[in-house]
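Visitor:
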Amino acid sequence: MSAIASSVNIPAVRARAPLSERLAPAAFLLPAVLVVLFVSIFPLILSLFLSLSRLRFEAGGLKVQFVALDNYRKLLFGSEQKVLFGTVASPSLVGWIVLAVVVLLTSAAVYRAIRDARSVRVIAGRAIAAVVLIGLTYLVAASLLSPEGRPGTLVVTMLYVAVGITVQYLLGLVLALLCAQQLPGRRFFRVVFLLPMMITPVGVGYLFRMLADTNKGPLEPLWVALGMQDFAWSNNAWGARIAVMIGDVWQWTPFMFIVLLAAIEAQEIEPIEAAIVDGASSWDIFRHITLPAILPVSTTLILIRMIEAFKIIDLPNILTNGGPGTATETMTLYAYRIWRALDIGGSAAIAYLLLFLVTFFAMLYVRVLRSHVSATA
Amino acid sequence: MNLKKLTTLMALGAVVLAACAAPPAAAPAQPAQPTQPAEPAKKFAGITVNAITFSGPQIAEPMQRRGKEFSEMTGATINVVTVPFADLYQKILNDFATGTNSFDVIVFAPQWMVDYIEPGYLEDLTDRVKADPDIQWDDIGLFFRDFSATYNGRIYTIPLDGDFQMVYYRTDIAKELGLQPPKTWDDYIAFAKAVSEKQLTTDDGKPVYGSCIAKKKAAQSYWMITSIASAFIQSQGTGQGAFFDLETFKPLYNNEAFARALEIYKETTQYGPPDEINLDVGDTRGLWTAGQCALTIDWGDIGTLAIEEGSKVKDKTGAVILPGSKQVLDRKTGKLTDCTPELCPHAIDGVNHAPFAAFGGWSGAINKASKPEVKDAAFAYLSYMNQPAQSNVDVTIGKTGFNPYRVSQFKNLDNWIKAGMSEQAAKDYLGAIEASLNSPNMVLDLRIPQNQYYQGIVLDGAIAKFLAGEQDIAATMKEIEDGWEQKTEELGRDKQLAAYKATLGVQK
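Protein chains in written order, with the working numbering: chain L, 10 to 386; chain D, 77 to 584.
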């Protein structure tokens, strides 16, 4: 009887709830939802529309012409293809080896998914990721790792991300491990190591431009002493790229350093003390205790820096304007360059391609990491 | 707290606040103070004019200096905002198009004016100019009045500068090596090569380069290649045009003539500073005044910078009209052909010169959306800078970036000699500009819708890749042709052709 009563009563109670109470949760959430829509979703949709349009300033205002995928066609298959993809030629031996390794690894991942009878969604996801990854690797092999090839903005961007993050992480880790030791002056160096991060990237660009000037810069005597007064790093594609990468590493290593230092210092001391008592070496302690302890922080750190690094623009813009030729031009700089000439649709299309690229690598990174952690567990 | 209490408290608070804010009810009477005689109200007191130009320091410097003088005279406040050259076009357009209207005065490249006038962003200045006798409009060179200031018969800008590219050479080095000023581009190469092989050094031991040309990407370098190519492409007079075919609007930058220009352009790099492809005009000018260059291509700025304090090339700087060519493009065959009287009617001693009015000269315009009183002050400010009393001085100062554009500035040598030029140097310098200005085969800069994309993106990008060795001549020319054609298709071929033809009707 009571069960029946309650089953009857519940809707009755609900029906009696005042309208204001029922609407209250939605009313409280609405401002936040609107803010998110306004600052995040709406610009995303608008820029997608822009990437499918051509804009022109005419008498009476702005004329927006819908051109469907024409801006993407121009980038991927049209007159801008060479800027984006560079010059593709037959890869060198190293290029073929790299490509073969990636093909093997991705094929193995797809095969494992099929063998383990994973869901169709997982298999399809892995297959798509494999195709995209093989395609990108081929592009790297046929442009960057080819004697006749030349990398376009897409590969140059990926190069900056890969080299920059690897070097920044390793350097940051070494510096953090050093500063975590009880060494004299470590407090001083903690501050010193942080300084580059405080400088605006444009300032870093000008700083490195002056330092690398072999004729007029403050290091001119050094370059002359080294017999490099007639060398112009800006004339050489790799010289210019390396200059950009050094500037980027110099600026962002402190970010890695400070977060890793915090993670190292926050790890529990008991396992380390126990390991010392058991006679473990410093390397063993680092390998089996410290590294696993800072792994969650490291993965997040790399993910954040990776997303940020894909958007690099300041340094190549100030140092070389993307030159010589297109040697140091990134996708963001490329988008900015054509935006300055009012090709807003084309610029938005590049921005969307970059968004796809960043999302792909971020998802891939997270998936690989998750499967690795699951396997370890 | 109930409603009654809350109401009482709020009323009490309001009374307290009102008491604090109110002025004393009855201030004691003060004895009358003797007052200073009031200054006559200045014409534009309290008005602020916001201006934008590029972060020179050229152009911005005279705008700020003259702005201060103008403020003292009229009471108006002149704020000059500067942005990098590559950002200027879009920054102005974005400001206008979004209705932000942060800028009342824009000082910009007149070749961009079509993109600002067509949407209706610029104030028509025709009546104001006619009503202003101090501006002495007829004293401004006809070309600058027409190309830099007028669009569809209406005046939209006030010229502040006159721009032509010329070749400068070191007179002392020419004398020492027994070289003549270059008449053709082959002469230019021979001159540069001779200096380079001689391995000359400055007094402080720095190398003297055979040729210094600003070739930096995404800067002000893309005019240089047109300065070289024009002599090979245009020979039948200004109306022929040097960028597009007048029938089909097909680009003229994919043929033997432009290929030859690219060869010359690349060869000059061999005799230049090691980092030449990363040098902007500011850098090459610095090298010139430091005595490290024997040749350069530049606007009129070099002539006045050479006489500035600290310059090592005072009275050593000669100027000539842009070199020409004995071979030109035969547009019927698309081949590079020897000059004949029919093919090169304006040739001098068999050499076809095609001086390039690159850029056209910095000019000032007024935002149509500004308030009427601000527009009045803005026009008065531009007029003040343009008037002979100011401009005749400013064009003789190197750091202003202003070059002569008034007839009186060419006729009267006194200002130049007073500024530090020798009479011969002044005659050389002004003579080279006049020869360019009076040439019946002068090449007009591109002034069609979105010319910034054609030149600043497509041409500049392709040339940068060519200089960096990323692509050969054929690929470079194809890239320019494809890029220009694509933009033409987007904007409409007929419309672009009509705009191009209208520009070529400009009077000189």
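The beta-carbon is built from N, C-alpha and C at its ideal position, and this holds for glycine as well.
Can you tell me whether DSSP reads D:L371 as helix, strand or coil?
Guide: The sequence position of residue 371 of chain D within the second sequence is 295, counting from 1. Three-state result, D:L371: strand.
Visitor: Residues in the stretch 509-530 of chain D with C-beta within 7 Å of chain L's C-beta atoms, listed in sequence order?
Guide: Q526, Q528 and Y529
Visitor: Taking buried to mean at least 16 other C-beta atoms within 10 Å of its own C-beta, is D:P299 buried or exposed?
Guide: To locate residue 299 of chain D, count along the second sequence from 1; it is residue 223. In the sequence on display, residue 299 of chain D carries Trp and not Pro. Answer is buried; the Cβ neighbour count reaches 16.
Visitor: So is D:D377 buried or exposed if we call it buried at 16+ other beta carbons inside 10 Å?
Guide: Position 301 of the second sequence, counted from the start, is the residue given in the question as residue 377 of chain D. Buried, because 16 or more other Cβ atoms sit within 10 Å of the Cβ of D:D377.
Visitor: Give the straight-line distance between the Cα atoms of D:L506 and D:Q256, rounded to the nearest whole angstrom.
Guide: Taking the second sequence and counting its residues from 1, one reaches residue 506 of chain D at position 430. Taking the second sequence and counting its residues from 1, one reaches residue 256 of chain D at position 180. Their Cα atoms are separated by approximately 19 Å.
Visitor: What does DSSP give as the partner residue(s) for D:Y245 in the beta ladder?
Guide: Position 169 of the second sequence holds residue 245 of chain D. DSSP lists D:L371 and D:G394 as partners of D:Y245.
Visitor: Counting only the same chain and skipping the five closest in sequence on each side, list residues whose C-beta sits under 7 Å from that of L:I359.
Guide: On the first sequence, residue 359 of chain L is found 350 positions in, with the first residue counted as 1. Hits under 7 Å: L84, M340, Y343 and A344.
Visitor: Helix, strand or coil: how does DSSP classify L:G144 here?
Guide: On the first sequence, position 135 is the one that residue 144 of chain L refers to. Helix.
Visitor: Is the stretch 124-138 of chain D touching the stretch 160-177 of chain D in the sense that three or more CB pairs, one from each, lie closer than 8 Å?
Guide: yes
Visitor: Give a yes or no on whether the C-beta atoms belonging to L:A138 and L:R376 are separated by under 9 Å.
Guide: For the purposes of this step, residue 138 of chain L is identified with residue 129 of the first sequence, where counting begins at 1. For the purposes of this step, residue 376 of chain L is identified with residue 367 of the first sequence, where counting begins at 1. Closer than 9 Å, so yes.
Visitor: So, for L:A98: in the same chain, excluding its five sequence neighbours on each side, which residues have a beta-carbon less than 8 Å away from its beta-carbon?
Guide: For this step, residue 98 of chain L is matched to residue 89 along the first sequence. Here the set comprises A151, S152, S155, P156, E157 and G158.
Visitor: Let me know the secondary structure DSSP gives D:G254 once reduced to three states.
Guide: In the second sequence, residue 254 of chain D corresponds to position 178, counting from 1. Looking at D:G254 - three-state DSSP - the assignment turns out to be coil, as it is neither helix nor strand.
Visitor: Would you call the stretch 310-325 of chain D and the stretch 562-574 of chain D touching, i.e. three or more CB-CB distances under 8 Å?
Guide: yes
Visitor: When DSSP builds the beta bridges, which residues end up paired with D:L405?
Guide: The residue labelled residue 405 of chain D in the question sits at position 329 within the second sequence. BP columns for D:L405 point to D:L412.
Visitor: Just tell me which of D:D208, D:A207, D:A173 and D:G238 has its CA closest to the CA of D:Q187.
Guide: Locating residue 187 of chain D in the second sequence gives position 111, where the first residue counts as 1. Ranking D:D208, D:A207, D:A173 and D:G238 by Cα distance to D:Q187 puts D:G238 first.
Visitor: Could you give the DSSP three-state label for D:A441: helix, strand or coil?
Guide: Within the second sequence, the letter at position 365 stands for residue 441 of chain D. Residue state, collapsed to three classes: strand.
Visitor: Nearest to L:T175 by alpha carbon, out of L:L312, L:D323, L:L324 and L:V367?
Guide: Numbered from 1 along the first sequence, position 166 holds the residue referred to as residue 175 of chain L. It is L:L312.
Visitor: Which term fits D:E148, buried or exposed, when burial requires 16 or more other beta carbons within 10 angstroms of its beta carbon?
Guide: By 1-based counting over the second sequence, the position of residue 148 of chain D is 72. Counting every other CB atom within 10 Å of its CB across the protein chains shown gives D:E148 a total below 16, marking it as exposed.
Visitor: Are D:I301 and D:I539 touching if we call contact CB-CB under 9 Å?
Guide: Residue numbering aside, residue 301 of chain D sits at position 225 when the second sequence is read from its first letter. Residue numbering aside, residue 539 of chain D sits at position 463 when the second sequence is read from its first letter. It is a contact, given that the beta carbons lie within the stated cut-off.
Visitor: Assuming D:T153 is part of the beta strand (DSSP E), what are its boundary residues?
Guide: Translated into positions along the second sequence, residue 153 of chain D becomes position 77. Note, D:T153: beta strand (DSSP E), T153 to V159.
Visitor: Going by the CB atoms, is the gap between D:L236 and D:P349 shorter than 9 Å?
Guide: Within the second sequence, the letter at position 273 stands for residue 349 of chain D. Within the second sequence, the letter at position 160 stands for residue 236 of chain D. Cβ atoms of D:P349 and D:L236: not closer than 9 Å.
Visitor: Taking 9 Å as the CB-CB cut-off, is D:K503 touching chain L?
Guide: Walking along the second sequence from the start, residue 503 of chain D turns up at place 427. Not an interface residue.
Visitor: Which whole-angstrom value describes the C-beta separation of D:G286 and D:L371, a residue pair presumed to lie in contact below a C-beta threshold of 8 Å?
Guide: Translated into the one-based positions of the second sequence, residue 286 of chain D becomes position 210. Translated into the one-based positions of the second sequence, residue 371 of chain D becomes position 295. Yes, they are in contact, since the Cβ atoms of D:G286 and D:L371 sit about 7 Å apart, within 8 Å.
Visitor: Note down the Cα distance separating L:L113 from D:A434, rounded to an integer number of angstroms.
Guide: On the first sequence, position 104 is the one that residue 113 of chain L refers to. On the second sequence, position 358 is the one that residue 434 of chain D refers to. Taking the straight line joining both Cα atoms gives about 57 Å.
Visitor: Name, please, each residue of chain L whose Cβ falls closer than 9 Å to the Cβ of D:Q166.
Guide: Taking the second sequence and counting its residues from 1, one reaches residue 166 of chain D at position 90. Those within 9 Å of D:Q166 in chain L are W348, R349, A350 and L351.
Visitor: Should D:D351 be flagged as near chain L, meaning a C-beta pair shorter than 9 Å?
Guide: Locating residue 351 of chain D in the second sequence gives position 275, counting from the first residue. Yes, contact with chain L.
Visitor: Which two residues bound the contiguous beta strand (DSSP E) that contains L:S99?
Guide: As a working note, residue 99 of chain L is residue 90 in the first sequence. That residue, L:S99, is in no beta strand (DSSP E); it is neither H nor E in DSSP.
Visitor: Say whether the stretch 328-339 of chain L touches the stretch 28-38 of chain L, bearing in mind that this needs 3 or more beta-carbon pairs closer than 8 Å, one atom from each stretch.
Guide: By the criterion of at least three beta-carbon pairs nearer than 8 Å, the stretch 328-339 of chain L is not in contact with the stretch 28-38 of chain L.
Visitor: Going by beta carbon distance, what residues of the same chain come within less than 7 Å of D:R569, once the five residues before and after it are set aside?
Guide: On the second sequence, residue 569 of chain D is found 493 positions in, with the first residue counted as 1. Excluding positions up to five away in sequence, the list reads F325.
Visitor: Taking CB distances under 9 Å as the criterion, tell me whether L:S243 reaches chain B.
Guide: As a matter of chain content, chain B is missing from the structure shown, whose protein chains are L and D.
Visitor: CB-CB under 6 Å to D:P99, same chain, minus the five flanking residues each way: which ones, in chain order?
Guide: For the purposes of this step, residue 99 of chain D is taken as residue 23 along the second sequence, with counting starting at 1. Caution is warranted here: a pLDDT of 40 is assigned to D:P99, below 50, making its placement in the model unreliable, and the coordinate value is therefore given only provisionally. Closer than 6 Å at the Cβ level, and outside the excluded window around D:P99, lies no residue.
Visitor: Helix or strand or just coil, what does DSSP make of L:N330?
Guide: One-based indexing of the first sequence puts residue 330 of chain L at position 321. Three-state DSSP puts L:N330 in coil, outside helix and strand.
Visitor: Grab me the residues of D:T111's own chain with a C-beta within less than 6 Å of its C-beta, minus the 5 sequence neighbours each way, in chain order.
Guide: Taking the second sequence and counting its residues from 1, the one referred to as residue 111 of chain D is at position 35. Any reading at D:T111 must be qualified, since the residue scores a pLDDT of 48, below 50, and its modelled position is unreliable; the value itself is stated next. If we look at D:T111 and ignore the five residues flanking it on each side, it has no Cβ neighbours.
Visitor: Exposed or buried, D:H429, counting other C-beta atoms within 10 Å across all chains shown (16 or more means buried)?
Guide: Residue numbering aside, residue 429 of chain D sits at position 353 when the second sequence is read from its first letter. So D:H429 counts as buried.
Visitor: Indicate whether at least one CB of chain L lies closer than 9 Å to the CB of D:T579.
Guide: Walking along the second sequence from the start, residue 579 of chain D turns up at place 503. So no, D:T579 is outside the interface.
Visitor: State the DSSP-derived secondary structure class of D:C420, mapped to helix, strand or coil.
Guide: Against the second sequence, residue 420 of chain D aligns to sequence position 344. Note: D:C420 maps to coil in three-state DSSP.
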